[in-house]
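In order, the protein sequence lines correspond to chains A and B. Converting from the first sequence to our numbering requires adding 99 to each position, the first position being numbered 1. Converting from the second sequence to our numbering requires adding 13 to each position, the first position being numbered 1. Heads up, the thing below is written out as structure tokens.
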Amino acid sequence: MSKSPIVAENLVRHFGDVQAVKGINLEIKAGEVFGFLGPNGAGKSTAVRMLTTLLRPTSGSARVAGFDVVTEADQVRRNIGVALQDAAIDPLMTGAELLALQAVLYGIPASLLKQRSNELLERVGLTAAASRRVSTYSGGMRRRLDLALSLIHQPSVLFLDEPTTGLDPMSRLTLWEEVRRLNREGTTVMLTTQYLEEADQLADRIAIIDHGKIVREGKPADLKASVGAPTLIINTNTDQVEKANAVLSTFGDLRPGAEGALGVGLRGGAAQVTEVVRKLDEAGVRVQHLEINEPSLDDVFAEATGHRLEGADNAPSAGDNGDEQPQKKKRRGKK
Amino acid sequence: MSTIATRTPTLTTSDMHSTTARSSWQLVKRGLINTRRLPSAFFPALAMPIFNMISFSGTFFALTKLPGFPTDRSVNWFMPLGLAMGSAFSGVGLGFSLIRDLENGFFDRLRMSPTSRISLIIGPVLATWIRVTLVAVMVFVAGTLLGARPTAGVMSYVCSWVAAIGISTIGAGWGLALAFRFQDMRGAAVMQLSIFLTMFLSTAQVPLNVMTGWLHTAARINPVTNIFRLARAGWVNANDADYLSWQNAYGGLIAIFVLSTLAFVFALRSLQKIDN
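Here it is, written out as structure tokens:
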């Protein structure tokens with residue numbers, strides 16, 4: 100039996116006629132940060148809910164921290180920390196009260212409860228806000244509290260389901276740094292995200308999931324290298340798309356571009372750009388915009404699935420500035 | 014985020030002892046904190062029984078003139094009804110709170126903890142008992158001001174309180190079970206409709222001996238009738254010294270025990286099925 104902290108074998112989950120997860124196989128090694136990358140509705144959260152004992156698999160099996168997620172759910176729960184997609188926090192309670200509740204539910208001895216809570220509040224930078232109601236917290240503060248709650252019992256495996264969705268760039272960076280620190284301290288992290296940059300920055304290995312199936316898995320650098328050639332993206336008039344594709348296909352495999360754009364993987368590398376432009380000109384194709392991209396995880400995703408990662412372009416870059424508003428109320432739809 | 018100079022010792026699973034009692038008590042505290050911080054959610058459960066008691070005892074005062082009506086004080090009859098309705102409302106209100114927790118994901122956090130599943134039910138139900146006790150005190154004070162007079166001293170209040178706790182437990186179990194089954198607001202309508210239909214198809218409004226036809230049959234077989242008999246045991250039949258007796262109380266106690274157990278088991282089984 101594998102000693103890896105997360106192992107899934109042919110994990111399947113149906114919701115009526117809908118197959119949300121279609122036979123996932125995973126093995127995440129101790130001390131890894133593993134990225135689960137995919138668009139909304141790809142099956143990431145459903146897979147995480149099965150691995151964290153919240154949802155029973157329709158078929159297949161999974162072991163987390165050495166225990167079966169169905170038959171040994173209690174032992175799994177004792178060993179994992181989970182921060183789900185929406186920071187699920189009672190807005191009427193204060194940060195300190197929620198930590199106390201969480202500590203008791205995990206059976207932390209009363210003698211250690213205060214010290215552990217204070218330590219975590221300090222760690223996530225919420226000591227000053229500990230006695231404030233959560234309804235007054237910003238989105239970033241909620242996420243940090245959510246992370247603190249998931250760490251109350253010092254879990255060896257941490258699940259983070261889209262931990263930075265909706266956060267401003269500064270809060271994202273702060274959370275990334277904390278994930279790195281936890282990993283350095285020995286915590287195995289499974290992270291789901293729809294942000295390419297996040298997966299690229301944090302994950303030692305990545306699985307790309309689409310329509311409930313893992314379509315690629317490996318180290319980010321290896322995955323990008325597997326795509327090989329850089330991608331030339333052009334925009335042209337819609338009536339010239341056919342003509343342009345005919346020219347582009349002579350330079351390499353056509354790749355799906357973002358909305359309305361055409362793409363080609365340049366077999367001969369970036370040096371071919373001049374030649375492509377000349378050929379397009381000769382064919383009478385009017386190029387409105389042109390750019391060349393080194394292989395990215397989005398290219399890996401596009402090559403594996405035939406489409407670009409939805410929402411990837413909308414993710415706030417860590418270099419951007421953004422304002423963050425306090426979140427008064429949040430509702431969660433059924434997955 | 015900052016670095017910590019001193020750290021708590023590394024915990025092992027053997028250090029962690031989550032007991033049902035400790036977890037339940039923490040969830041009781043959470044329920045009371047929420048009540049204190051969101052009094053508007055508790056206000057209907059507090060105001061409704063007092064309003065019902067006032068309006069029913071005034072509007073249906075003439076009922077006391079019916080032959081065989083067991084008291085000449087309408088408030089003595091309707092005060093236990095108001096309290097029962099408030100208790101039922103508090104009970105099913107727990108189902109509403111659970112739906113909110115399910116929808117915003119907070120209940121997932123509770124489910125992901127290794128604490129016993131029973132504590133996730135017992136804790137909130139105990140918090141409801143405390144709220145119902147507050148409601149009972151307010152109703153007794155208001156009832157006394159309106160002229161309600163016990164016929165069996167302190168035991169009159171005790172019987173009404175026990176009945177109120179019983180009704181709230183049944184309502185809470187039923188509400189939690191439906192919330193676990195539906196997991197959204199569809200459950201709320203079923204909770205309210207079923208609880209209040211069951212209550213009104215009993216002796217909630219008038220005694221069994223003045224009912225006729227199908228309503229009489231329904232009320233006679235409805236176990237809630239026994240609970241109302243218990244609730245009113247110390248408020249009616251002032252001239253009958255034996256009225257507050259074990260004979261008049263045991264039916265209500267059995268009904269409370271059986272219905273509470275069924276509702277509790279239904280809630281627990283529904284919770285266990287929530288991950289399917």
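Each residue gets a CB set at the ideal place from its N, CA and C atoms; glycine is no exception. Please read all numbers here as calculations on a predicted model, not as lab measurements.
When Cβ-Cβ separations below 8 Å define contact, G104 (chain B) makes no contact with chain A. In the structure shown, G122 (chain A) adopts extended strand secondary structure according to DSSP, grouped into three states. Here the segment 146 to 154 of chain B makes no contact with the segment 233 to 243 of chain B; the two share fewer than three CB pairs at distances below 8 Å. With contacts defined as CB atoms closer than 8 Å, D352 (chain A) and G364 (chain A) qualify as a contacting pair. The beta-carbon distance between L220 (chain A) and A247 (chain A), rounded to whole angstroms, is 7 Å. This is short enough to meet the 8 Å contact definition. Taking the C-beta atoms as reference points, A97 (chain B) is found nearer than 8 Å to F241 (chain B). For L183 (chain A), the residues of chain B that pass the 7 Å Cβ criterion are G118, D121, in the order they occur in the chain. Put simply, the CB of I46 (chain B) is near chain A, with a gap under 8 Å to one of its CB atoms. Per DSSP, the unbroken beta strand (DSSP E) holding I313 (chain A) starts and ends at 312 to 317. Counting only the Cα atoms, S87 (chain B) lies some 7 Å from F73 (chain B). Using a Cβ distance threshold of 8 Å, G311 (chain A) and Q174 (chain A) do not count as a contacting pair.
Distance from T330 (chain A) to L361 (chain A) at the Cβ level is roughly 10 Å; contact not present, criterion being Cβ atoms closer than 8 Å. One finds nothing in chain B with a Cβ atom closer than 8 Å to the Cβ of L220 (chain A); even the nearest lies about 10 Å away.
Judged by DSSP in its simplified three-state form, I188 (chain A) adopts coil rather than helix or strand. When Cβ-Cβ separations below 8 Å define contact, M269 (chain A) makes no contact with chain B. Residues of chain B with a Cβ closer than 7 Å to the Cβ of R155 (chain A) are, in chain order, D288, N289. Not a single C-beta of chain A is nearer than 8 Å to the C-beta of Q260 (chain B).
The C-beta separation of V233 (chain A) from P262 (chain A) comes to about 17 Å, leaving the pair out of contact by the 8 Å criterion. Residue pairing by DSSP places D260 (chain A) opposite A:T291 in a beta bridge. The C-alpha of A195 (chain A) lies about 46 Å from the C-alpha of A246 (chain B). Secondary structure within the segment 327 to 368 of chain A: the alpha helix (DSSP H) runs of 4 or more consecutive residues, fully enclosed, are 340 to 347 (chain order). If you draw a straight line from the Cα of G224 (chain A) to the Cα of A280 (chain B), it is about 39 Å long. Counting C-beta atoms within 10 angstroms of its own C-beta, T274 (chain B) has fewer than 16 neighbours from the protein chains shown and is therefore classed as exposed. In the same chain as H406 (chain A), and ignoring 5 residues on each side of it, the C-beta atoms closer than 7 Å to its own belong to P355, in chain order. Proximity of V340 (chain A) to chain B, defined by a Cβ-Cβ separation below 8 Å, is not satisfied.
Here A343 (chain A) really is in contact with I333 (chain A); their C-beta atoms are around 7 Å apart, less than 8 Å. If you draw a straight line from the Cα of R122 (chain B) to the Cα of F400 (chain A), it comes to about 32 Å. A distance of 8 Å or more separates the beta carbons of A306 (chain A) and L259 (chain A). Residues of the segment 30 to 64 of chain B whose Cβ lies closer than 7 Å to any Cβ of chain A, in chain order: H30, S31, R35, S36, Q39, R43, I46, N47, R50, L51. In the structure shown, L408 (chain A) falls within a coil segment according to DSSP collapsed to helix, strand and coil. The alpha carbon of A101 (chain B) has as its nearest neighbour, out of B:S283, B:F270, B:W187, B:F120, the alpha carbon of B:W187. Residue pairing by DSSP puts G180 (chain A) in a beta bridge opposite A:L257. Shown here, I307 (chain A) sits in a strand according to DSSP, grouped into three states. Taking G285 (chain A) as the centre and dropping the five residues before and after it, the same chain places the C-beta of G130 closer than 7 Å to its C-beta, in chain order. Per DSSP, the beta bridge partners of T193 (chain A) are A:R232. Ranked by how close their Cα comes to the Cα of R271 (chain A), the residues A:E108, A:G140, A:Q300 have A:Q300 in first place.
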